[in-house]
Amino acid sequence: MSFYLDANGVFLKIVIAAMVTFLFSEFIAIFPIFSNYEKHKTVVLKHIVPIWEITGTMIVFFVVELELIYSGLTPIASYLFIPVIGTFVALLILRNVFIIYAEFIWKKVDSKPLMMFYSAATFIMVIGFVTAIAALMVGNSVSTAIPSLPPLLHLDLANLSKSYVDYFALLTAPVYSAVYWEFLFGTLFIAFGMSNVFYRTAKRTSYIPLLTIIFGLFLNVNAWNVVATLDGAKFMEYYMILPVIITVAIPLLYMYKPTTHFASYKPFWFLSMTIAVLSLELPVTNIAGGAFPITAFASTNSMQFANFWLSIIGGIIFLLLMIMYAYVYNSGRFSFNPEKIEKSQKTKKTEKVETAEMNTVQKN
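Read in order, the letters of the sequence shown correspond to residues 86 to 449 in my numbering.
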């Protein structure tokens, strides 16, 4: 395997990790939006408005990277996940339309229904994404270990039009459904806990974010363990340790007063979660439940060489954009606690106004 294939494989997984993190940050907005929109809309929109289009860009970036590095996987993914991909793209377009309308409609029109549709569409998109991941996790490996189960992934390389995922089996078959529903509900519990931290909707002393995240991790790790055990692997591979530590550390930092704002500081959260997702991806070298090595679908070396340098340039630009996002989000500052600065500035302005009023009264 060439150096460029190794490097490009890592680049692609970094793009996937960043895309998942951005999408997840919008996915968790459904909880504050639907629970109490009027109360939470300021803090939610402050993040979503500058970031929603970057999420779409990361999705496109992933598709381009996949085509450049593993061009043979693009048609396979299209045939296997056409229902999920079709729904995902349709909802991506609709959610973008609704959030644009919500941003630019006249003030007389209530933006709440538009934002609720945007949030619900993003929520369903991520559910579809999780469904695809669950299908790949289980794949052919479970049906091989348990011959009585029908194969979940029907992949025919000679005739891709015959390839598909048996979603009915995924949702109903004993082992398949156990892994899927456990993985899905684990993700939802983690999302709810992270939402409380990311959007600062929970009190610092609350144990709810920590407890829900721990419970969600327990479900997710157990789902991974079921698949790993059937494949003859050891319980909780070493690459699971780092994501668990990072995910638990965020609500713990939130509960500790000196680090409360640091835990929900957006650049820190994005970096932490990207590393957590990336560490899960790095050992993945096969697709279709381990049936085929990814390297079998690699593009030509010339495309890999070009993508290597394009990825470096794109990575630098992306990093600069994230720094700009941190600056814009904090209203022209890099403070971990911009609210404190804003309050002090408001207090100073109020004091100046009161002083000016007193001087005017004294002159009169």
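Beta carbons: idealized from backbone N, C-alpha and C, even for Gly.
Keep in mind it's a predicted model, so treat the numbers as computed, not measured.
Per DSSP, Y155 forms a beta bridge with which residues?
Along the sequence shown, read from residue 1 onward, the residue named residue 155 stands at position 70. DSSP, once it has assigned bridges, lists no residue as partnering Y155.
Inter-residue Cα distance where the pair is F320 and V306:
Sequence index remark: in the sequence shown, residue 320 carries index 235 (1-based). Sequence index remark: in the sequence shown, residue 306 carries index 221 (1-based). Note that F320 scores a pLDDT of 45, beneath 50, so its modelled location is shaky; the value from the coordinates is reported in the next line. The alpha-carbon atoms of F320 and V306 are separated by roughly 9 angstroms.
Contacting residues, own chain, Cβ-Cβ under 6 angstroms from G301 (five flanking each side not counted)
Taking the first residue of the sequence shown as 1, we reach residue 301 at position 216. Answer for G301: G271, F274, I275, listed in chain order.
Is the region 166-174 touching the region 197-213 in the sense that three or more CB pairs, one from each, lie closer than 8 angstroms?
yes
For V194, does the three-state DSSP call read helix, strand or coil?
As a position in the sequence shown, residue 194 is number 109, starting the count at 1. Coil.
Please confirm whether M358 and I113 have their CB atoms less than 8 angstroms apart.
Position 273 of the sequence shown holds residue 358. Position 28 of the sequence shown holds residue 113. No.
Cβ neighbour criterion (16 or more within 10 Å) applied to V194:
For this step, residue 194 is matched to residue 109 along the sequence shown. V194 is exposed by the Cβ-count criterion.
Jot down the residue ranges of each uninterrupted alpha helix (DSSP H) in the region 122-189, minimum 4 residues, whole runs only, in chain order.
122-154, 158-165, 167-189
Any contact of the region 335-345 with the region 278-295, i.e. 3+ C-beta pairs under 8 angstroms?
yes
Does the structure place the region 355-371 close enough to the region 93-113 that three or more beta carbon pairs sit under 8 angstroms?
yes
If I measure Cβ to Cβ from E138 and keep anything under 6 angstroms in the same chain, skipping five residues before and after, which residues do I get?
Numbered from its first residue, the sequence shown carries residue 138 at position 53. So no residue of the chain qualifies.
Contacts around L97, its chain only, beta-carbon distance under 6 angstroms, and the 5 residues preceding and following it disregarded
As a first step, residue 97 is located in the sequence shown; it is residue number 12 there, counting from the start. The answer, listed in chain order, is E150, I154.
May I have the straight-line CA-CA distance separating T314 from A308, to the nearest angstrom?
Here the question's residue 314 lines up with position 229 in the sequence shown. Here the question's residue 308 lines up with position 223 in the sequence shown. The straight-line gap from Cα to Cα measures roughly 10 angstroms.
Looking at the structure shown, is N392 part of a helix, part of a strand, or coil, going by DSSP?
The residue given as residue 392 occupies position 307 in the sequence shown. In this structure, N392 counts as helix in the three-state DSSP scheme.
What residue range is occupied by the uninterrupted alpha helix (DSSP H) comprising E325?
Locating residue 325 in the sequence shown gives position 240, counting from the first residue. According to the sequence as given, residue 325 is Met; it is not Glu. Note, M325: premise wrong, no alpha helix (DSSP H); not H, not E.
Closest residue to T216 among I184, L234, L238, I299 (Cα-Cα distance)
On the sequence shown, position 131 is the one that residue 216 refers to. It is L238.
Residue from L130, F189, I144 whose Cα sits closest to the Cα of A99
The residue you call residue 99 lines up with position 14 of the sequence shown. It is Ile, not Ala, that sits at residue 99 in the sequence shown. If we check each option's Cα against that of I99, I144 comes out closest.
Leaving out five residues on either side along the sequence, give the residues of the same chain with a beta carbon under 6 angstroms from the beta carbon of G157.
Locating residue 157 in the sequence shown gives position 72, where the first residue counts as 1. Answer for G157: F382, listed in chain order.
Are F202 and F214 close, meaning C-beta to C-beta below 8 angstroms?
The residue you call residue 202 lines up with position 117 of the sequence shown. The residue you call residue 214 lines up with position 129 of the sequence shown. No, they are not a contact pair.
Whole-Å CB distance - V250 paired with A205, under 8 angstroms assumed
The residue labelled residue 250 in the question sits at position 165 within the sequence shown. The residue labelled residue 205 in the question sits at position 120 within the sequence shown. So it is not a contact: roughly 24 angstroms between Cβ atoms.
In the structure shown, what three-state DSSP assignment does Y249 receive?
Numbered from 1 along the sequence shown, position 164 holds the residue referred to as residue 249. DSSP places Y249 in strand when its eight states are reduced to three.
Our contact map puts V329 next to V264 with C-beta atoms below 8 angstroms; I'd like the distance itself, whole angstroms only.
Mapped onto the sequence shown, residue 329 falls at position 244. Mapped onto the sequence shown, residue 264 falls at position 179. Contact flag wrong, Cβ pair sits at about 18 angstroms.
Shorter than 8 angstroms from the beta carbon of T127 to some beta carbon of chain E?
Going by chain labels, chain E is absent from the structure shown, which holds only one protein chain.
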